[in-house]
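Residues 253 to 548 in this note's numbering are what the sequence shown spells out, letter by letter.
Using N, Cα and C, we set each Cβ at its ideal position, and we do this for glycine too.
One structure below.
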Amino acid sequence: MSSKNSSEASEIRKAVESRVQKSVIVPEMLNRESRFRFKCYPGIPCFTKCCSGIKIFLTPYDIYRLKKRLGLEYKDFLVQYTEPAVIEKSQLPVVSIRLNSDEIRSCPFVTPEGCSVYTDRPLTCRYYPLGMGTMKKDDNKDGENFFIQIKEDHCLGHNESTEWTVDEWRADQESDLYDEMNSDWMMVVLKAKTLGFVNFSEKSLDLFFIVSTNLDLFREFVLSGKFIEAYRLDREYIDKLMADELEFLKFSLKWLRFAMFDEGDFKVDEEARKKAKEKLLAEREMQRKQQMEEIE
Ligand code: SF4
Ligand code: SF4
Numbered sequence: 253m254s255s256k257n258s259s260e261a262s263e264i265r266k267a268v269e270s271r272v273q274k275s276v277i278v279p280e281m282l283n284r285e286s287r288f289r290f291k292c293y294p295g296i297p298c299f300t301k302c303c304s305g306i307k308i309f310l311t312p313y314d315i316y317r318l319k320k321r322l323g324l325e326y327k328d329f330l331v332q333y334t335e336p337a338v339i340e341k342s343q344l345p346v347v348s349i350r351l352n353s354d355e356i357r358s359c360p361f362v363t364p365e366g367c368s369v370y371t372d373r374p375l376t377c378r379y380y381p382l383g384m385g386t387m388k389k390d391d392n393k394d395g396e397n398f399f400i401q402i403k404e405d406h407c408l409g410h411n412e413s414t415e416w417t418v419d420e421w422r423a424d425q426e427s428d429l430y431d432e433m434n435s436d437w438m439m440v441v442l443k444a445k446t447l448g449f450v451n452f453s454e455k456s457l458d459l460f461f462i463v464s465t466n467l468d469l470f471r472e473f474v475l476s477g478k479f480i481e482a483y484r485l486d487r488e489y490i491d492k493l494m495a496d497e498l499e500f501l502k503f504s505l506k507w508l509r510f511a512m513f514d515e516g517d518f519k520v521d522e523e524a525r526k527k528a529k530e531k532l533l534a535e536r537e538m539q540r541k542q543q544m545e546e547i548e
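Following this line, the structure appears as structure tokens:
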């Protein structure tokens, strides 16, 4: 790297770091009825300032919407617009949007007129200036969502007088639809974070990555025959699934939750469920032994 390039890289890093440092998470947990003030609109002086120097993890439904919007196959979308990432406090591999290499590390979708994929923008962008987390109080129940407010110096939307409850904001931004579509996947992520000590096998992590990012590839796996046989799935049902991308996405996320944690309501033959559970338990036992060996 030349010294010019090196100093440019250092400038970029400083610009991004200064943005991150100015980001303030308001230390108050919000619930669905909590109120906050905010308004974002074209013409506000900070317009699109939030669309650079940020890490945008993509959920399965984000990827589905974006690749459809751009008229791309999953594989081509991943190659052109994403880079590998890992969900923090877990080992789960996902992808995030690959930012441009300009000075401010802008999002590839931002234009002077705003977001070029606005109606299909990712969940993180929809929630902003809120962040969403999930807490699991009881292991037998699904998690409970909580929200936080993010205040960044450059964002002037907080000075506006329009008031929202968290739920009104979620409905207005269609975040609620995204949460619903991703719900089984979110439960997998939450459980993996809660069990931070579990070492998933390479195979489990590969499957998580494929189902989370590339349903074209997962479709091939399902159609390979072994999957249909193992879960005793009805051929007519599979044909219907294959004809409806969205139904296939829901099916895949339900399966992922079932395969990784034997949870959720993936409809499966009892014998197949028993076998899957035995396999899961054997895998966990192997991981436990490996961990014990590492400690000793
Ligand atoms: S108000 Fe905030 S969210 Fe809206 S454009 Fe400005 S910086 Fe971005
Ligand atoms: S996807 Fe759209 S809203 Fe999100 S950061 Fe990029 S340009 Fe901004």
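| query | result |
| --- | --- |
| Any beta strand (DSSP E) of 3 or more consecutive residues that is wholly inside the segment 444-488 | none |
| Status (buried if at least 16 other CB within 10 Å, exposed otherwise) for S423 | Per the sequence shown, the amino acid found at residue 423 is Ala instead of Ser. The residue is exposed, with fewer than 16 neighbouring Cβ atoms inside 10 Å. |
| Nearest-angstrom beta carbon gap, A528 and A511 [assumed within contact, 8 Å] | 7 Å |
| Closer than 7 Å: F299 CB and nearest ligand 4 heavy atom | No copy of ligand 4 appears in this structure; the ligands present are ligand 1 and ligand 2. |
| Through-space distance from P345 to A534, alpha-carbon basis | 23 Å |
| Check: I296 C-beta below 7 Å from any heavy atom of ligand 1 | yes |
| For G385 and F299, believed in contact at Cβ under 8 Å, the rounded distance | With a Cβ gap of about 28 Å, F299 and G385 do not count as contacting. |
| As assigned by DSSP and simplified to three states, the class of C367 | strand |
| Stretch-stretch touch, CB-based, cutoff 8 Å, three pairs: the segment 401-408 with the segment 453-465 | no |
| Any non-hydrogen atom of ligand 2 within 7 Å of C377 CB | yes |
| Local Cβ density within 10 Å of D458, reported as buried at 16 or more and exposed below that | exposed |
| Any non-hydrogen atom of ligand 2 within 7 Å of C407 CB | no |
| Closer than 7 Å: Y380 CB and nearest ligand 1 heavy atom | yes |
| Expected contact under 8 Å - CB spacing of I306 and P374 to nearest Å | Rounded, the Cβ-Cβ distance is 11 Å, inconsistent with contact. |
| Whole-Å CB distance - P312 paired with W421, under 8 Å assumed | Contact doesn't hold; Cβ gap of about 23 Å is too wide. |
| Cβ-based neighbour list, Y489, same chain, cut-off 7 Å, excluding 5 preceding and 5 following | none |
| Bounding residues of the beta strand (DSSP E) (the contiguous stretch that carries E335) | T334 to V338 |
| Simplified DSSP assignment, three categories, for K403 | strand |
| Beta-carbon contacts of F473 that lie in its chain and below 8 Å, excluding the five residues immediately before and after | I462 and F479 |
| 6 Å CB neighbourhood of S270 in its chain, flanking five on each side removed | Low confidence applies here, because S270 scores a pLDDT of 49, under 50, leaving its location unreliable; read the following figure in that light. Cβ neighbours of S270 beyond the five flanking positions: none. |
| Closer than 7 Å: F329 CB and nearest ligand 2 heavy atom | no |
| Given 8 Å, three or more beta-carbon pairs between the segment 498-511 and the segment 333-347 | no |
| C-beta atoms of L382 and I400 nearer than 8 Å | yes |
| Under the three-state DSSP convention, the category P381 falls into | coil |
| heavy atom of ligand 2 below 7 Å from P364 C-beta | no |
| Contact set for L469: own chain, Cβ-Cβ below 8 Å, skip 5 residues either direction | Y326, K327 and I462 |
| 8 Å Cβ shell around D372 - same chain, five flanking residues per side excluded | R317, L318, K320 and R321 |
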